[in-house]
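Have a look at the structure below before the remarks.
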Amino acid sequence: MKRILMNRPLAIAVALLPLLLAGSLGFAQQNAQRTASPPNKELPLRQIVKLPGKLLAETKTTGPTGDLKLTGYRVEEVTLSQSLSTEVRGQQVNVNKAWRVTVTGGPFPVRALPAVIWVDDQIVGYGIENETLSQITAVTFDDSLIHDGGVVSLSYGENKEGRTRISQKIQLKREGGNQ
Amino acid sequence: MTLTTKRSLFIFSIAFMLVLGGLSRTAFAQVPDPGTPGPFAVTREEYDFGDTAFTATDFPGPIELRASIHYPTNLAAGPFPVILFMHGRHATCFAGGSALLQWPCTSNNSQPIPSYKGYDYVSEVLASNGYVVVSVSANGVNAVDNSVFDLGALARAELLQKHLDILKQFNTTGGAPFGTKFIGKFDLTRVGTMGHSRGGEGVVRHYVLNQSLGAPYGIKAVFPLAPVDFNRFVVNNAALNVLLPYCDGDVSDLQGVHFYDDARYNVPGDQAPKHYELIMGANHNFFNTIWSPSSPFPGSANDWLAFVPGGHSDEQCGSGKNNQRLTEAQQRGTGLAYMSAFFRVYVGGETQFVPILTGDAPPPPSAQNSNLFVSYHAPDNPELRLDVNRLLNNTNLSVNNLGGAATQTALSPYSLCGGDDPQPQRCLPDQPNARQPHTTPSARSAARGLSQLITGWNNMTGNYRNNIPAALGNVTGFQALQFRVSVNFADARNVEGLAQNFRVVLTDASGASSSVRVSDVSAALYFPPGSVGPVPKVVLNTVRMPLTAFSGVNLNSVRSVQFVFDDRFQGGLLITDVAFASAPR
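Chains as they are written, first to last, in the working numbering: chain R, 5 to 183; chain H, 514 to 1098.
Right, here's the structure in full:
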């Protein structure tokens, strides 16, 4: 992923806001030295979904797409309040940022098989529905998935053949330039 | 032979098969119907300790402690065996006509969707036959389970265990809201669990949890209904029954068949029988009345039509004129019959229903449906099962599990697929996972699928033979020769819509042989129906051939079992689990 230029005050603000919020979510109670979570286990996905994010890309379709009535998506970057240990591309690494891909539309069904959000042929993650079932969000720690020209799609289960695609490709916003 | 003679022979053959089929059914006409209401009047009540009364380990939301309880009104005959039900993932709340996913229901005027009430039709019948049935509400799990790694399996397991703890309190000291009336009325050494959808994995995970805690409750039988199997936990040493709806539009890859496949040879000496039923016209949701289109609650759906793109047009599962779909009532009838049979046998000890679960007896009238296939794996007990060939590894292609030679003539391919490396992960490499449930990957486990023999023949000389060492040739103690098989719809040698067939031949030490056509005892060699999305699909169904059908061969000294492919000019099959077996006692 290309680095996004950011001015210093804004960077500090973006970094501090999640810290403040995370405190209320109980993050601050954890031992500051114990920054690593168990590998691939309980990552605080639900908290990450709720943290404020920086909008990197957004699109709205001209009309509902497919049986799932997809209306668009947005891609956000989230700065974590503490680093997490997780697996990215087969390597156990500490991360301090996450990326959210949120697909809008629906109302989405609540099914046994989890919703799965893809960029191109790569799985971003299993989807977490919002309360009104109008959005599904997946979280990834792999920034290589978030790239210009990526195609966002949604399936239930890891069913590559059954995906509903959003035709508008990811177009990352450029800091300080035309969007 | 004249045309008239041929026609007469054909008509005679058909008539003979019908008579034979009728006779085999007549032989089990005395098996009673487990889905018939029993002698006890039934009372239904609920207990409710609040929407946020329970917290599961590392789970990011509160969970309610609420359940219905059906029990014999006259408790004097207690203690009664206990059956726990757990629904699966569904919307948790509704407001007006909109379904919501939150817990507790905090939006303006929103109310809970009572998924736990969806199995009352089973609870009533079981309670009338002398069982206490508790159906647990799990909306708090559903609201946030996609945000935990195991997708809620442990939370569901802990919730079930908590309800058993509550029942234990009712049974010992009593407590609100029932006071002392249930003291001594629950037999918590005889417990069965049924879970639907994600609840299906929940009851399996719960079985494992209860065992890890020293088995404080006696879980005798576990029934995953249209289950997910994300994590690949295994039920060992307890009876297992998986129900698989062929037209499942939600868990459309029928991944729950892994529960059966994984358990078969997992623990040496496992005395527990394992079963599954493939229900040809059933979908995912109709087993729960609250999730069905006739329900007044938002979020209900005919899942095949709602979730499978183009599903309406499928000739088997869709909505066209000649579709094979079951109505809500038929589907619930089938669920009632097999849940009742299973729990009454393995929790209640009512062994008269065993033939229904082995497929030796047809579906009972309460099932309202006969288009289903029963599979059965006998306990690991030398008196009940003699494995001829498990077909687990490449050695089994030449040496079977009895130490005899395994050979083939004119079969191509003749190889294993679906099992552990180096077998190919999928048996039908060009087909989607949803069409090959036995090898579909699991969301949270790298475990591989069912090892199967993939084979076929190009002329009438194909033969698959397993020799039996002399010391093991006395099979008189077994009821049947059985195996699991499916027509490989992706093999062009099979004709779409046409059932396959072959002969099974037993040969004794004197060289005498006897053969039985598969079609004489089973319809399992059907061509898998459907053409849209997840169908057709290969599900290996058990064929059980009664040894009494092999007349003229000495069952004291059987020397070989052969599959002789001379009934159809060509074909392709998937085969596993060749064994002599008897029903559980």
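Glycine included, C-beta positions come from ideal geometry on N, C-alpha and C.
Three-state secondary structure (DSSP) of residue i
i, result
"residue 852 of chain H", "helix"
"residue 101 of chain R", "strand"
"residue 62 of chain R", "strand"
"residue 1082 of chain H", "coil"
"residue 203 of chain R", "This structure does not reach residue 203 of chain R, given that chain R is present from 5 up to 183, and the question cannot be answered."
"residue 176 of chain R", "coil"
"residue 638 of chain H", "helix"
"residue 54 of chain R", "helix"
"residue 878 of chain H", "helix"
"residue 695 of chain H", "coil"
"residue 700 of chain H", "strand"
"residue 869 of chain H", "helix"
"residue 73 of chain R", "coil"
"residue 165 of chain R", "helix"
"residue 917 of chain H", "coil"
"residue 563 of chain H", "coil"
"residue 1090 of chain H", "strand"
"residue 79 of chain R", "strand"
"residue 768 of chain H", "coil"
"residue 936 of chain H", "coil"
"residue 538 of chain H", "Any answer about residue 538 of chain H is weak, because its pLDDT of 39 lies below 50 and its placement is not dependable; what the coordinates show is given next. Three-state result, residue 538 of chain H: helix."
"residue 908 of chain H", "helix"
"residue 170 of chain R", "coil"
"residue 779 of chain H", "coil"
"residue 685 of chain H", "helix"
"residue 673 of chain H", "helix"
"residue 86 of chain R", "strand"
"residue 724 of chain H", "helix"
Residues that DSSP places opposite residue i in a beta bridge
i, result
"residue 91 of chain R", "R:96"
"residue 927 of chain H", "H:968"
"residue 679 of chain H", "In DSSP, residue 679 of chain H forms no bridge with anything."
"residue 160 of chain R", "R:119"
"residue 646 of chain H", "H:583, H:596"
"residue 791 of chain H", "H:757, H:886"
"residue 714 of chain H", "According to DSSP, which records beta bridges pairwise, residue 714 of chain H is partnered with nothing at all."
"residue 736 of chain H", "H:707"
"residue 127 of chain R", "R:122"
"residue 946 of chain H", "DSSP lists no partner for residue 946 of chain H."
"residue 752 of chain H", "H:734"
"residue 902 of chain H", "H:1091"
Buried versus exposed call for residue i [16 or more other C-beta atoms within 10 Å across all chains shown]
i, result
"residue 131 of chain R", "buried"
"residue 876 of chain H", "buried"
"residue 694 of chain H", "exposed"
"residue 1025 of chain H", "exposed"
"residue 165 of chain R", "exposed"
"residue 684 of chain H", "buried"
"residue 97 of chain R", "exposed"
"residue 726 of chain H", "exposed"
"residue 543 of chain H", "exposed"
"residue 570 of chain H", "exposed"
"residue 624 of chain H", "exposed"
"residue 59 of chain R", "exposed"
"residue 64 of chain R", "exposed"
"residue 723 of chain H", "buried"
Distance cut-off 7 Å: residue i Cβ against heavy atoms of the ligand GTP
i, result
"residue 806 of chain H", "The ligand GTP is not among the ligands present in this structure, which contains no ligands whatsoever."
>> What are the residues in the stretch 745–777 of chain H lying within 8 Å of chain R by C-beta distance?
In response: The stretch 745–777 of chain H vs chain R, Cβ under 8 Å: 763, 764, 765, 766.
>> Please list, in chain order, the residues of the stretch 561–580 of chain H that have any C-beta partner in chain R closer than 7 Å.
In response: Shown in chain order are the members of the stretch 561–580 of chain H whose Cβ falls below 7 Å from a Cβ of chain R: 571, 573.
>> Ignoring anything shorter than 3 residues, give me the beta strand (DSSP E) runs that lie fully in the stretch 952–1026 of chain H, in order along the chain.
In response: Whole beta strand (DSSP E) segments, 3+ residues: 965–970, 975–980, 993–1000, 1016–1021.
> Which of the residues in the stretch 155–170 of chain R, read from start to end, lie with their CB under 9 Å from any CB of chain H?
Replying inline: Listed by position, the residues of the stretch 155–170 of chain R near chain H (Cβ gap below 9 Å) are 160, 161, 162, 163, 164, 165, 166, 168.
>> Runs of 3 residues minimum, wholly inside the stretch 567–628 of chain H: which ones carry the beta strand (DSSP E) assignment?
In response: Whole beta strand (DSSP E) segments, 3+ residues: 579–585, 593–599, 606–608, 611–613.
> Quick one, which residues of the stretch 659–680 of chain H are near chain R if we go by CB-CB under 7 Å, in chain order?
Replying inline: So the close ones are 659, 660, 661, 662, 664.
>> To test your reading of the DSSP string, which unbroken alpha helix (DSSP H) runs of 4 or more residues are found completely within the stretch 801–866 of chain H?
In response: Listed in chain order, they are 816–820, 841–859.
>> Any C-beta of chain H within less than 8 Å: which residues of the stretch 105–127 of chain R qualify?
In response: For the stretch 105–127 of chain R, which is checked against every Cβ of chain H, the residues closer than 8 Å are 111, 113, 114, 115, 116, 117, 118, 119.
> Relative to chain R, which residues along the stretch 598–615 of chain H have a C-beta separation below 9 Å, given in chain order?
Replying inline: So the list reads 601, 602, 603, 604, 605, 606, 611, 612, 613, 614, 615, given in the order they occur along the chain.
>> Short of 8 Å Cβ to Cβ, which residues in the stretch 803–815 of chain H face chain R?
In response: Residues passing the 8 Å Cβ filter: 812, 814.
>> Ignoring anything shorter than 3 residues, give me the beta strand (DSSP E) runs that lie fully in the stretch 1028–1082 of chain H, in order along the chain.
In response: Counting only runs of 3 or more residues that sit fully inside the stretch 1028–1082 of chain H, the beta strand (DSSP E) segments are 1054–1059, 1071–1078, in chain order.
>> Along the stretch 703–714 of chain H, where does the CB come closer than 7 Å to a CB of chain R? Name the residues.
In response: So the close ones are 710, 711.
> Given a limit of 8 Å on CB to CB distance, which residues of the stretch 942–960 of chain H reach chain R?
Replying inline: Within the stretch 942–960 of chain H, those residues whose Cβ lies closer than 8 Å to any Cβ of chain R are, in chain order, 945, 946, 947, 954, 956.
>> Residues of the stretch 629–661 of chain H in Cβ contact with chain R at a cutoff of 8 Å, in chain order, please.
In response: Per Cβ criterion, the list reads 655, 657, 659, 660, 661.
>> At a CB distance below 7 Å, what residues from the stretch 856–867 of chain H approach chain R? Give them in sequence order.
In response: Residues: none.
> What residues from the stretch 733–744 of chain H come within 9 Å of chain R, judged by C-beta to C-beta, listed N to C?
Replying inline: Under the 9 Å Cβ criterion, the stretch 733–744 of chain H contributes 739, 740, 741, 743.
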